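For reference, the structure discussed in these notes is given below.
There are 2 protein chains.
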Amino acid sequence: MLGFRSLSSSRLVLAHPRLVLRRLRSTAPLGARKTLQDINECVLNAKYAVRGPIPLRAEELKQQLVEEPGSLPFSKIINANIGNPQQLDQKPLTFYRQVLSLLQNPALMSENHEQLLTTAKYQPDAVARAKRMLQQAGGSVGAYSQSQGVAGYRESVAKFIANRDGEPADANDIFLTTGASGAVAYILQLFCSGPQNGALIPIPQYPLYTATLALNNAEPLPYYLDENSGWSTDPEQFEKVIATAVEKGVKPTCLVVINPGNPTGAILSEENIEGIFQVAAKYSLVVIADEVYQENGFDDVEFTSMKKVLRVLQKTQPGIYDNVQLVSLHSTSKGVSGECGQRGGYMELVGFSTEVKQVILKLASISLCPVVTGQALVDLMVCPPQKGEVSYEKDQQERKAIHQALKERSNLLYRAFQSLEGVSCQKPQGSMYLFPKLEFTKRAIDKAEALGVAPDEYYCKELLEATGICTVPGSGFRQIPGTYHLRTTFLAPGTDWIESWKKFHEKFWDQHRD
Amino acid sequence: MLGFRSLSSSRLVLAHPRLVLRRLRSTAPLGARKTLQDINECVLNAKYAVRGPIPLRAEELKQQLVEEPGSLPFSKIINANIGNPQQLDQKPLTFYRQVLSLLQNPALMSENHEQLLTTAKYQPDAVARAKRMLQQAGGSVGAYSQSQGVAGYRESVAKFIANRDGEPADANDIFLTTGASGAVAYILQLFCSGPQNGALIPIPQYPLYTATLALNNAEPLPYYLDENSGWSTDPEQFEKVIATAVEKGVKPTCLVVINPGNPTGAILSEENIEGIFQVAAKYSLVVIADEVYQENGFDDVEFTSMKKVLRVLQKTQPGIYDNVQLVSLHSTSKGVSGECGQRGGYMELVGFSTEVKQVILKLASISLCPVVTGQALVDLMVCPPQKGEVSYEKDQQERKAIHQALKERSNLLYRAFQSLEGVSCQKPQGSMYLFPKLEFTKRAIDKAEALGVAPDEYYCKELLEATGICTVPGSGFRQIPGTYHLRTTFLAPGTDWIESWKKFHEKFWDQHRD
Chain A
1 MLGFRSLSSS RLVLAHPRLV LRRLRSTAPL GARKTLQDIN ECVLNAKYAV RGPIPLRAEE
61 LKQQLVEEPG SLPFSKIINA NIGNPQQLDQ KPLTFYRQVL SLLQNPALMS ENHEQLLTTA
121 KYQPDAVARA KRMLQQAGGS VGAYSQSQGV AGYRESVAKF IANRDGEPAD ANDIFLTTGA
181 SGAVAYILQL FCSGPQNGAL IPIPQYPLYT ATLALNNAEP LPYYLDENSG WSTDPEQFEK
241 VIATAVEKGV KPTCLVVINP GNPTGAILSE ENIEGIFQVA AKYSLVVIAD EVYQENGFDD
301 VEFTSMKKVL RVLQKTQPGI YDNVQLVSLH STSKGVSGEC GQRGGYMELV GFSTEVKQVI
361 LKLASISLCP VVTGQALVDL MVCPPQKGEV SYEKDQQERK AIHQALKERS NLLYRAFQSL
421 EGVSCQKPQG SMYLFPKLEF TKRAIDKAEA LGVAPDEYYC KELLEATGIC TVPGSGFRQI
481 PGTYHLRTTF LAPGTDWIES WKKFHEKFWD QHRD
Chain B
1 MLGFRSLSSS RLVLAHPRLV LRRLRSTAPL GARKTLQDIN ECVLNAKYAV RGPIPLRAEE
61 LKQQLVEEPG SLPFSKIINA NIGNPQQLDQ KPLTFYRQVL SLLQNPALMS ENHEQLLTTA
121 KYQPDAVARA KRMLQQAGGS VGAYSQSQGV AGYRESVAKF IANRDGEPAD ANDIFLTTGA
181 SGAVAYILQL FCSGPQNGAL IPIPQYPLYT ATLALNNAEP LPYYLDENSG WSTDPEQFEK
241 VIATAVEKGV KPTCLVVINP GNPTGAILSE ENIEGIFQVA AKYSLVVIAD EVYQENGFDD
301 VEFTSMKKVL RVLQKTQPGI YDNVQLVSLH STSKGVSGEC GQRGGYMELV GFSTEVKQVI
361 LKLASISLCP VVTGQALVDL MVCPPQKGEV SYEKDQQERK AIHQALKERS NLLYRAFQSL
421 EGVSCQKPQG SMYLFPKLEF TKRAIDKAEA LGVAPDEYYC KELLEATGIC TVPGSGFRQI
481 PGTYHLRTTF LAPGTDWIES WKKFHEKFWD QHRD
């Protein structure tokens, strides 16, 4: 055993009167600091492009605009790289924020202050709601809740799901989570960990999935969405992906579906969903249904939940789908709520045994509980003011205005892309994104190669430097090799930025003609 | 390749008009549901006693009290199992909650409502503070912030640390996190993952550490705190633990220190801290300093931060400690804030290279950002109303009252334990817990063995069933084999529960005499 030097010698009273320290007499060999070599390789391998090099460069430029105004060819950064509506001036829903402010300061609800709240346009239903929710949280949003989430709020979620689907839902199957990303972390950690396990993920995908798989050292098993048929799925392809994985010794355990699609903006047909459940039933795959954009559908294509489709299949074809397990995710970050920073979300577990749910509960308990105000926001999202309640009309107006603005902006941007040389784009059906396909000339491809980046990354970087518009290259979401895309939100208000994008594109295209 | 059945046959229009589903013609072999056998073994192995079987039983009893009042020998559950002050009627600090309510509903700050805020006793400094903090958050707490946390709030943390320690601190080294548990997850995932890596953890410990190590499949390397010398550390023991680990092929990478101690309630001497840094310097260990109870010290023993000690060592003994890496954790859940449900926290990274910090930033970016209101609460915690500001006096009164109440309760409970047969307890110095040592008769030990539980677990279970007091057995925190303890908070108001505990104990002791 290596001897450790005695501490009991030569006291030194220092400038810091309370610190009595002793001199180490040996010159023990100095340990080195940790470097990248000492870091868990899985963490090093994880990639998350939505906040990757281009958004980081955008942060630098933003800082430069503060420190040296006028030093760049644009006056602000348009963060179209991430679905963050309130960063781009979307206003939060009034009812939500009134209730949350009362939860943070219940003193506002004391009897003396009724007049006061009226002046600030708090309706009695907001106060009643805050009282109910505060009581359900045990009297304070500053106390830890149950790790699974406040029971009363989970009841609200179960009612919402039952209404949405016309099928029963149980509060015991609901876990409130930190956004939807918290739920993804739990489920993949549980069922898809280590190189012998894999999860089928759509390509293109939201990079949370590949990043979380990388952290778990598990295998992403990509299945391609078909751009030409509105980003649809192909049952034959699932079979091929699974067979190839099994040949390589990887067991597929989960199948991720993002619907409405991120980054594609497409809504899956019920036929596609049925095909997914068939493969899930056959191969015992836990279906992870990322349905966080379920409120973000446009009128022409309606969203149907995976659970509803599953229940119908289970009823009409008894025996085939009985054992399917589904985890459906939702979030307060998207939809008309857009409350990203509040970190609310939930998952519904369908078809899980009590013992497995208990393991998930234990996992949740290690991080104690999701933020209670985020949980409260989930309750507000799934149970907004109802017809006949005082706040209903105003709330509806606000919702419709947000919905309408998003629809208009998506169409504007879609039409702009249609007008650009070398760009094609599927018509948006839902979510907050467009994912246009970019053709590049040989000259552009060579230029990118010379710079050591992919052509779409080169394009996005040039776009940022010229216009301040921050997007994410398709490579961040993966794509069919040899194809190029980018993801942009259509959240930014106004049309100036679209005009400047058009101008940039024309110039870029002209400069890179073969 | 396995063939997948064609979907294109026998359409069925169902009761659900929009769901057009097709009958699967094959009877493909049904996949089985996931069971415990399919779950990541690391997750199965993780234990978290603070919310383990005894607290779960307490939840059942709580439910029973609601459904059948009077059916139990007590009228309420005393949740002494977890440091959750606001669950036990501790009031949040007024200033914090006023600012948070304004952040949630900035409309309250419009000029028309000045009178209104005055009526509700909002002082102008609360409004000014909320305006500053809202602007720093980019105008809404509903927007994602930087993944590292709002820059302005990190500046506040750096100032707080600099004032506390008299040593500079840099906002770039601060990461705002989801409570302190979020920070622990990041650091252990980064540096201590896989069975070839281990972390030195104090025994007894807060079970977050063993649980997180289990999730990372890494080795806990226990070092024992010496109860008889106020739970002090022993430098020789560190050497032994490290040598034994290395012999077994495990590389120690981190060293966890909890100060003030959880569950011990003890404060480490500076001599002990110096010894810890010596071993860290010698063996390249990242020191994880869990300092979340730094505000919870009692008058007689003062808290000194690990960073302050490190900086003094670095100055007075140049060369020896230069390469030490320290992660210091703090949280809004404890102290006089007690805002557990708001999930605020931070970590300061000392001695880390830019490239390693960038990897941590990438990891943080995968979960997007910590809840922004929790971040705001960190800012409030580190920068409360200052002398001369309008809210200062009232805020100070509230703080002193909480501090005083905790001190009184800890003393009451400590004296109660001193009076009990077979119980000994170190004098509380800090944190929110007492960790008394229990002696058991052979009869009690045999009884526990017959029930298949450890003696301290048996005691805690009996205590719960007889009095409604929910505690955690020492085994949940680990302890020297053959010794028995329990952890209880001293947060519950009143003395009735202490009296009923005393009565229970006397009866238990009488019933189990040899």
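For the protein sequence lines, the chains are A and B, in the order given. The UniProt record's numbering applies: residue 1 is where the first sequence begins, and numbers increase by one. The UniProt record's numbering applies: residue 1 is where the second sequence begins, and numbers increase by one. Glycine is no exception: its CB is placed at the ideal position from the N, C-alpha and C atoms. These figures come from a predicted structure and were not determined experimentally.
How should residue i be labelled, buried or exposed, when 16 other C-beta atoms within 10 angstroms of its C-beta is the threshold for buried?
i	result
residue 528 (chain B)	Since the first and last residues shown for chain B are 1 and 514, residue 528 (chain B) lies out of range.
residue 307 (chain A)	buried
residue 87 (chain B)	buried
residue 45 (chain A)	exposed
residue 515 (chain B)	Outside the displayed span of chain B (1 to 514) sits residue 515 (chain B), for which this structure offers no information.
residue 154 (chain B)	buried
residue 172 (chain A)	exposed
residue 364 (chain A)	buried
residue 381 (chain B)	buried
residue 515 (chain B)	Residue 515 (chain B) is absent from the model: chain B starts at 1 and stops at 514.
residue 135 (chain A)	exposed
residue 69 (chain B)	exposed
residue 495 (chain B)	exposed
residue 66 (chain B)	exposed
Would residue i and residue j be called neighbours here (beta carbons separated by less than 8 Å)?
i	j	result
residue 180 (chain B)	residue 331 (chain B)	yes
residue 185 (chain A)	residue 210 (chain A)	no
residue 77 (chain B)	residue 58 (chain B)	yes
residue 371 (chain B)	residue 426 (chain A)	no
residue 379 (chain B)	residue 110 (chain B)	no
residue 55 (chain B)	residue 491 (chain B)	no
residue 98 (chain A)	residue 105 (chain B)	yes
residue 290 (chain A)	residue 206 (chain A)	yes
residue 103 (chain A)	residue 117 (chain A)	no
residue 326 (chain A)	residue 285 (chain A)	no
residue 174 (chain B)	residue 348 (chain B)	yes
residue 262 (chain A)	residue 293 (chain A)	yes
residue 95 (chain A)	residue 383 (chain A)	no
Could you pull the DSSP bridge partners for residue i from this structure?
i	result
residue 331 (chain A)	A:345
residue 485 (chain A)	A:437
residue 289 (chain A)	A:257 and A:328
residue 424 (chain B)	B:437
residue 219 (chain A)	A:198
residue 252 (chain A)	A:198
Residue i versus chain B: which residues are under 7 Å apart at the beta carbon?
i	result
residue 84 (chain A)	143 and 144
residue 205 (chain A)	Chain B residues near residue 205 (chain A): none, gap ~14 Å exceeds 7 Å.
residue 138 (chain A)	87
residue 222 (chain A)	None at all; the shortest Cβ gap to chain B is about 17 Å.
Run through chain A and tell me which residues come within less than 7 Å of residue i, C-beta to C-beta.
i	result
residue 98 (chain B)	105
residue 48 (chain B)	362, 365 and 366
Along chain B, which residues have their Cβ under 8 Å away from the Cβ of residue i?
i	result
residue 382 (chain A)	Per Cβ cutoff of 8 Å: no residues; residue 382 (chain A) is ~17 Å from chain B at best.
residue 179 (chain A)	367 and 368
residue 233 (chain A)	Residues of chain B passing the Cβ test: none, with the nearest at roughly 11 Å.
residue 359 (chain A)	36, 39, 43 and 44
residue 33 (chain A)	284, 323, 325, 351, 352 and 353
Please list the partners that residue i has in chain A, where partner means a Cβ-to-Cβ separation under 8 Å.
i	result
residue 69 (chain B)	Here the premise fails: no neighbours, minimum Cβ distance about 18 Å.
residue 515 (chain B)	Lying outside 1 to 514, the shown extent of chain B, residue 515 (chain B) is not represented and no answer is given.
residue 374 (chain B)	371
residue 212 (chain B)	366
Just the chain A side, please: which residues come within less than 9 Å of residue i by C-beta, in chain order?
i	result
residue 189 (chain B)	40, 42, 43 and 215
Along chain C, in chain order, which residues have C-beta atoms closer than 7 Å to that of residue i?
i	result
residue 208 (chain B)	Looking at the structure shown, chain C is missing, and the protein chains on hand are A and B.
Cβ closer than 9 Å: which chain B residues qualify as neighbours of residue i?
i	result
residue 263 (chain A)	Within chain B, no residue comes near residue 263 (chain A); the closest Cβ sits about 16 Å away, beyond 9 Å.
Open item on the list: If the cut-off is 8 Å on Cβ atoms, which residues from the segment 339-357 of chain A count as contacting chain B, listed in chain order?
Closed with: 339, 340, 341, 342, 343, 351, 352, 353, 355 and 356
**Request:** May I ask you to list, following chain order, the residues of the segment 466-491 of chain A that have a beta carbon less than 9 Å from some beta carbon of chain B?
**Result:** none
Which of the residues in the segment 110-122 of chain B, read from start to end, lie with their CB under 7 Å from any CB of chain A? 113, 116, 119 and 120
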